[in-house]
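Quick note, in full-length UniProt numbering, the sequence shown goes up one by one and the last residue is 297.
Written below as structure tokens is the structure these notes are about.
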Amino acid sequence: ACEKEVCGSHFNQLFPAGFPPRRNGWSWPPQAFQVVGWLVYSYLTIVSFGIYIPLLPLPWKHVLMGVAFIVHLFAHIAVLTVDPADDSVRAKQSYSTPMPLFDRTKQPHVIHDLHCYLCDVNVGPKVKHCGVCNKCVEDFDHHCKWLNTCVGGRNYRYFFLALCSATIGVFLLIVVVLFVFIQHYLNPYSLRTAPQFADVSGNSTWLMFLPLAPIKTSSAGLLILSFVTVMLSTTCLLLLSHLLGFHLYLYHKGISTYDYVKLQRQKEAKKRDVEAGNGTRNAKTHKAPQVRLLFCL
């Protein structure tokens with residue numbers, strides 16, 4: 001018999017039923033991490049194209065950042081829009097109808113012998129029922145709070161593309177801001193090539209949002225904004241690089257995020273059994289440490 005637990009909830013937790021499935025990342029309500037992600041993305045986009053890139057003296061200054069921005073926007077929207085549910089679920093499921101109550105006293109597992117008792121469909125061996133989206137997901141990898149949707153076989157390529165483009169874009173932004181910061185002290189005239197600077201006297205006044213809506217700011221304001229942007233971008237880069245490296249590792253091993261977490265839990269269970277057998281701990285009072293990962297940014 002093939003027995004599967006509900007993904008996104010504790011193994012021993014009763015499954016919360018009674019609410020309709022989520023179709024994709026646009027389903028209401030948005031999750032808090034998704035809102036934070038959009039705010040950070042909007043801020044970095046505004047300061048990139050509104051403040052720092054217009055100051056660069058290079059004629060192709062918009063190209064690299066523009067490509068990274070467009071690719072990430074496309075991939076981000078795609079991973080949010082694609083419904084990752086299994087084909088049998090999408091063919092049958094009504095996303096406005098609440099799911100039936102699942103009684104573990106009658107059936108201990110949501111998916112048993114490749115049949116989901118909540119979605120009431122036959123599924124493949126790599127399908128998991130997500131406790132957050134409340135539906136079976138094809139080739140389930142993980143549920144992403146930053147995207148407000150599950151990542152599975154139907155949208156994983158877009159997820160990976162969004163991850164790569166975001167990492168590259170944030171790295172390029174850090175390089176641009178540091179360049180502007182250094183040139184501000186070494187050669188400020190190289191950053192003041194826009195025609196609008198002809199009406200600005202002295203190097204202590206700078207223009208933002210060139211060329212359409214120039215707004216004056218001081219050198220101190222520009223430098224403070226640069227510091228905040230670099231700190232935020234560096235934090236994003238560290239998180240994105242960690243996640244990208246993790247998924248490259250999963251690709252090398254040929255496993256999914258769900259498989260990795262399951263293997264880690266099995267290793268912890270074996271370790272506890274060995275410790276209990278050696279008399280080092282009381283197995284009845286020992287609590288298993290939770291495996292926590294930054295699955296998605």
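Note that the Cβ used here is the ideal one computed from N, Cα and C, for glycine as well.
W38, DSSP secondary structure in three states: It is helical.
Bridge partner(s) assigned by DSSP for V121: Residue pairing by DSSP places V121 opposite C116 in a beta bridge.
Helix, strand or coil at R133 according to DSSP, with G and I counted as helix: Arg is not the amino acid found at residue 133; the sequence shown has Cys there. Residue state, collapsed to three classes: coil.
Euclidean distance between Cα positions of L250 and Y258: If I take the Cα positions, the gap works out to 10 Å.
Rounded separation between N24 and A162 - CA only: Between N24 and A162, the alpha-carbon positions lie close to 16 Å from each other.
Secondary structure, beta strand (DSSP E): runs of 3+ residues fully inside the region 201-279: Under the rule that a run must span 3 or more residues, the beta strand (DSSP E) segments found entirely inside the region 201-279 read 205-208 and 215-218.
Own chain partners of V55 with C-beta closer than 7 Å, once the 5 adjacent residues on each side are dropped: Per the sequence shown, the amino acid found at residue 55 is Leu instead of Val. Once the five neighbours on either side are set aside, the close Cβ partners of L55 are V180 and L191.
For Q31 and K145, believed in contact at Cβ under 8 Å, the rounded distance: That belief holds up - the Cβ atoms of K145 and Q31 are roughly 5 Å apart, short of 8 Å.
H142 - containing beta strand (DSSP E), residue span: Per DSSP, H142 belongs to the beta strand (DSSP E) from H142 to C144.
CB contact flag (V200, L210, <8 Å): The criterion of a C-beta distance shorter than 8 Å is not satisfied by V200 and L210.
Burial state of Q34, where buried means 16 or more other Cβ atoms lie within 10 Å: Using a 10 angstroms sphere on the CB of Q34, the tally of other CB atoms reaches 16 or more, which defines it as buried.
Which residues DSSP lists as bridging A68, in chain order: DSSP output for A68 lists no bridge partner at all.
With 16 other Cβ atoms within 10 Å as the buried cut-off, status of S42: By the 10 Å Cβ count, S42 comes out exposed.
Heavy atom of the ligand COA within 7 Å of P214 beta-carbon: For the structure depicted, the ligand COA is absent and the ligand set is empty, with no information on it obtainable.
CB-CB length for V176 against I53, believed under 8 Å: Between V176 and I53, the beta carbon gap of about 6 Å places them in contact (Cβ cut-off 8 Å).
Cβ pair F171, L237 closer than 8 Å: With a cutoff of 8 Å on beta-carbon distance, F171 and L237 are scored as near each other.
Cβ-Cβ distance between L178 and V228 below 8 Å: Their beta carbons are not under 8 Å apart, which means L178 does not touch V228 by this criterion.
Residues sharing a beta bridge with T149, DSSP: In DSSP, T149 forms a bridge with C144.
Whether S233 touches L173 by CB criterion (8 Å): Taking 8 Å as the Cβ cut-off, S233 and L173 qualify as a contacting pair.
Cβ shell of Y189 (< 7 Å), same chain only, five flanking positions each side left out: The same chain holds no residue with a CB closer than 7 Å to that of Y189 once the five nearest residues on each side in sequence are set aside.
Nearest candidate by alpha-carbon position, reference G169, set N134, S241 and W26: When only C-alpha atoms are compared, the closest one is S241.
Nearest-angstrom Cβ-Cβ length linking S96 and P29, presumed shorter than 8 Å: Here S96 is actually not in contact with P29; their C-beta atoms are around 16 Å apart, not less than 8 Å.
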